[in-house]
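Peer 1: Below: one structure in structure tokens.
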């Protein structure tokens with residue numbers, strides 16, 4: 114398992130931006146985004162593929178830029194955070210409502226989990242009521258067979274889906290769906306998530322943070338990558354204990370308090386960088402036209418127009 118210090122060193126060397134990159138990003142970003150949007154608007158099919166490749170490919174840059182500012186200054190850029198959360202929400206909604214024409218391009222289950230947990234870590238649960246019925250339909254139709262590798266145990270997707278299911282009193286039969294499950298994550302959901310035993314919860318959350326370090330993908334090894342179970346993919350999440358914050362926010366919705374824990378990840382500047390204020394967010398000029406286009410293409414997505422007001 115990588116140590117916290119090793120992750121920090123990786124972040125300093127490979128993730129944080131150099132000053133010249135900032136100028137280039139801010140100069141080119143609007144033009145590049147518009148070019149990608151034009152390709153989406155002209156598409157007749159494979160819409161989800163285009164969304165993933167043309168628009169959300171700059172999410173990594175946006176996310177890293179947000180993380181960069183938090184790490185260097187200890188302050189969060191509300192505009193960047195809100196834009197990122199809105200785009201992750203759109204991507205999840207498009208994926209769960211099966212807007213793509215070719216299933217082979219479905220977002221991986223672990224990536225869905227990563228995005229859901231990031232939303233929960235920022236106390237954003239408003240997307241769940243719209244998507245959860247679609248998620249259930251996906252379970253029933255066997256869509257997991259297409260997005261879950263049969264050869265490795267699932268982690269983040271399990272945690273995210275179990276959180277949504279348990280708020281509704283539902284039980285997910287992973288075995289019946291032939292999904293291999295990491296027992297640590299399933300045990301946490303079944304025995305710790307709703308517990309009022311502070312010591313049990315504290316121990317479980319420390320384990321989740323340990324697993325965060327253990328399954329971090331540095332993108333520099335074929336052995337330690339998403340294909341072999343290293344599900345902490347997004348570089349802006351490497352030092353963000355989003356699992357802890359997601360669980361804490363969800364428990365608060367159930368009227369449960371969550372104890373603080375002692376763990377190296379809790380010393381990261383990202384522990385205080387998860388409070389978006391959408392009332393202060395100015396939507397990018399391209400945002401509303403994109404949402405209108407998606408709603409026209411798939412009426413079930415019309416709710417996206419009002420999701421971040």
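In the numbering used here, the protein residues as written are 114 to 422. Glycine included, every Cβ here is placed at the ideal spot set by N, Cα and C.
1. Per DSSP, what kind of secondary structure is residue 217 in: helix, strand or coil?
2. For the pair the stretch 314-333 and the stretch 371-382, tell me if three or more CB-CB distances fall below 8 Å.
3. Under 8 Å: do the stretch 257-268 and the stretch 289-299 share three or more Cβ pairs, one atom per stretch?
4. Run through the stretch 336-391 for me and flag every whole alpha helix (DSSP H) of 4 or more residues, listed as ranges in chain order.
5. Residue 180 and residue 349 - do their beta-carbons sit closer together than 8 Å?
6. Any idea what DSSP makes of residue 186, helix, strand or coil?
7. Considering only their Cβ atoms, is the gap separating residue 382 from residue 184 smaller than 8 Å?
8. Nearest by alpha-carbon distance to residue 126: which of 250, 315, 403 and 333 is it?
9. For the alpha helix (DSSP H) that contains residue 245, what are its first and last residues?
10. Could you check what DSSP says for residue 116 in three-state terms: helix, strand or coil?
11. In whole angstroms, what separates the C-alpha of residue 274 from that of residue 265?
12. What's the call for residue 116, buried or exposed, on a 16-neighbour Cβ count within 10 Å?
13. How far does the alpha helix (DSSP H) with residue 329 in it reach, from first residue to last?
14. Residue 238 to residue 371, Cα distance in whole Å?
15. Taking the Cβ atom as the reference point for each residue, do residue 351 and residue 124 lie within a distance shorter than 8 Å?
16. Rounded to the nearest angstrom, what separates residue 223 and residue 395 at their Cα positions?
17. Grab the span of the alpha helix (DSSP H) containing residue 228 for me, first residue to last.
18. Helix, strand or coil: how does DSSP classify residue 286 here?
19. Compute the distance between the beta-carbons of residue 271 and residue 278, then report whether it is under 8 Å.
20. Can the beta-carbon of residue 295 be found closer than 8 Å to that of residue 267?
21. Taking the C-alpha atoms as reference points, what is the distance between residue 338 and residue 307?
22. What does DSSP give as the partner residues of residue 294 in its beta bridges?
23. Buried or exposed: which applies to residue 225, given that a residue is buried once 16 or more other Cβ atoms fall within 10 Å of its Cβ?
Peer 2: By the coordinates alone:
1. In this prediction, residue 217 scores a pLDDT of 43, lower than 50, which makes its location untrustworthy; the coordinate-derived value is nonetheless stated afterwards. Looking at residue 217 - three-state DSSP - the assignment turns out to be helix.
2. Yes, the stretch 314-333 is in contact with the stretch 371-382.
3. Put simply, the stretch 257-268 touches the stretch 289-299. At least three CB pairs are less than 8 Å apart.
4. Taking only runs of at least 4 residues, the alpha helix (DSSP H) segments lying wholly in the stretch 336-391 are 355-366.
5. In this structure, the beta-carbon distance from residue 349 to residue 180 falls below 8 Å.
6. DSSP, reduced to helix, strand and coil, places residue 186 within a helical segment of the structure shown.
7. Between residue 184 and residue 382, the C-beta gap is smaller than 8 Å, which places the two residues in contact.
8. Per the C-alpha coordinates, the member of 250, 315, 403 and 333 positioned closest to residue 126 is 333.
9. Start and end: 241-254.
10. Reduced to three states, the DSSP call for residue 116 is coil.
11. One C-alpha to the other measures close to 17 Å.
12. Counting of Cβ neighbours within 10 angstroms places residue 116 among the exposed residues, the total staying below 16.
13. Where residue 329 is concerned, there is no enclosing alpha helix (DSSP H), because DSSP gives it neither an H nor an E.
14. Computed Cα separation, rounded: 18 Å.
15. Contact: yes.
16. Distance between the alpha carbons of residue 223 and residue 395: 30 Å.
17. That run of the alpha helix (DSSP H) goes 222-234.
18. The three-state secondary structure of residue 286, taken from DSSP, is coil.
19. No, Cβ-Cβ distance for residue 271 and residue 278 is not below 8 Å.
20. Yes, the pair counts as a contact, with Cβ atoms nearer than the cut-off.
21. Taking the straight line joining both Cα atoms gives about 32 Å.
22. The bridge partners DSSP lists for residue 294 are 267.
23. Residue 225 is buried by the Cβ-count criterion.
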